[in-house]
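J.: Mapping to my numbering: the sequence shown position 300 is 308, numbers consecutive.
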Amino acid sequence: MTSVLYPDLPENGLIVLIGASGAGKSTLARTWPASQVLSLDGLRGMVGDDPGRQDVTADAADVLKLILERRMARKLNTVIDATNVEQSVRVELVMAAKRHGMPTVAVVVATPLDVCLERQGPRPDNRRVPEDTVRAQHQARVHSHQQLAAEGFNTVVFADALYRLEPFLKRLSQVREAELGRDGSAGLGDLLLVRRFFGSEVLPLWRWRPGSDLVTGRDRLAEIRLGQQSLILAFRDDVDGEGDFGFDVLLPCPFDAECAGQAWAPVYSVTDLYKALTGAMDSDPDIVCTVHGDGVDDDQDDDPEGRADLEAQYADAVA
Ligand code: GDP
Ligand code: MG
């Protein structure tokens, strides 16, 4: 099917992206499944803890070639996300593919120099490539174009000619449908809301406590635990009886160290979870204790801003 829709690309081959820093190689590479992309930046990060660390480039390139070799031996489609503007680098890649009888595609990401330079601006310091280097890469890319066929590439295409938005959105859509359970699986269910608040990394640690009926029968308790450290949370599906949704975290009662009640404070983000775990929320003004209330007499302040749009967020998360 892929070969029918995208006649320029073989179903399984070696795809070598060629372009200066900022040309859009990594953006394009993300339209393939992550397992198929060998990113030199990514491997620099794995070898040296910093994708921009130049002194580990040779080691990262070694690892890239090793993985490529093993993938080619299995006839797996592989995308090389690196500048690849040097002929010697490209020739080595093409030779690896030829040894395994895999077709090779050069994808030229021919973004104008001024755009490549402009895109360095917003990057973090360790990812910003010096102007001279970008200029040289761009020049080398322009120069290399005529040689690509002679170097042994079976196909040479401009990135602009590809139809990659469609497979990209298709894959994202499949992931989304699975999360929503529309593919026949259980889906993420309530965890969609948990993810919206706290991010996906928290999900594997999240456990709903069965049978909990704190305060009202509809509220649920959950726990985030890793080894000795844990947080207890409550999901309120009707905070203050006004149809708001939200999570509270269990804290020590700030009003009485001997208190037998439960003190809860609203949490809106993973930063709040971090604060709750490290004690930085122990004197949070929004703490409400089941024995001491909010410690003040008037019952007005039930969160000025944070909760107003939670219902809409929930609706968004499950839509
Ligand atoms: P690389 O250095 O060649 O890997 O360049 P990147 O893929 O990191 O692209 C740099 C930035 O350019 C990205 O963060 C995007 O915002 C933007 N960009 C790159 N390619 C495209 C594209 O095809 N369309 C759009 N809209 N933005 C792009
Ligand atoms: Mg990149």
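Beta carbons: idealized from backbone N, C-alpha and C, even for Gly.
On the criterion of 16 or more Cβ atoms from any shown chain inside 10 Å, does Ser238 qualify as buried, or is it exposed?
T.: Result: exposed.
J.: Ser208: beta carbon under 7 angstroms from a heavy atom of the ligand GDP?
T.: Outside the cutoff, so no.
J.: Within this structure, are the beta carbons of Ala271 and Ile295 separated by less than 8 angstroms?
T.: Taking 8 angstroms as the Cβ cut-off, Ala271 and Ile295 qualify as a contacting pair.
J.: How would you label Leu101, buried or exposed, when you count the other beta carbons within 10 angstroms and need 16 or more for buried?
T.: Leu101 should be labelled buried.
J.: Among the residues of its own chain, which have a CB less than 6 angstroms from the CB of Gly32, if the five just before and after it don't count?
T.: For Gly32, where only same-chain residues beyond five positions count, the Cβ hits under 6 angstroms are Val117 and Thr119.
J.: In whole angstroms, what separates the C-alpha of Arg79 from that of Gly195?
T.: Answer to the nearest angstrom: the Cα atoms are 31 angstroms apart.
J.: Could you pull the DSSP bridge partners for Gln237 from this structure?
T.: Beta-bridge pairing links Gln237 to Leu234.
J.: Give, in chain order, every unbroken run of the alpha helix (DSSP H) that is at least 4 residues long and sits entirely within the stretch 167–215.
T.: Those alpha helix (DSSP H) runs which fall completely within the stretch 167–215 and span 4+ residues are 173–187 and 199–206.
J.: Give the C-beta separation of Gln155 and Ala28 to the nearest angstrom, bearing in mind that I take them to be a contact with Cβ-Cβ under 8 angstroms.
T.: Wrong, their Cβ atoms sit about 17 angstroms apart, outside the cutoff.
J.: Please output, in chain order, the residues near the ligand GDP using a CB cut-off of less than 6 angstroms to any non-hydrogen atom of the ligand.
T.: Those residues, listed in chain order, are Gly27, Ser29, Gly30, Ala31, Gly32, Lys33, Ser34, Thr35 and Arg127.
J.: Using the three-state DSSP reduction, which class does Asp302 fall into: helix, strand or coil?
T.: Three-state result, Asp302: coil.
J.: Hey, how far is the Cα of Ala167 from the Cα of Val150?
T.: In a straight line, the C-alpha of Ala167 is about 14 angstroms away from that of Val150.
J.: In three-state terms, what does DSSP make of Ser277?
T.: Coil.
J.: What does DSSP give as the partner residues of Leu258 in its beta bridges?
T.: Leu258 pairs with Trp272.
J.: Are the CB atoms of Leu25 and Val87 nearer to each other than 8 angstroms?
T.: The answer is yes: Cβ separation under 8 angstroms.
J.: Contact defined as beta carbons within less than 8 angstroms: I believe Leu328 pairs with Val257. What is the distance between those atoms, to the nearest angstrom?
T.: There is no way to answer for residue 328, as the model of the chain reaches only from 9 to 327.
J.: So, with DSSP's three-state summary, where would you put Ala163?
T.: It is Thr, not Ala, that sits at residue 163 in the sequence shown. It is a strand residue.
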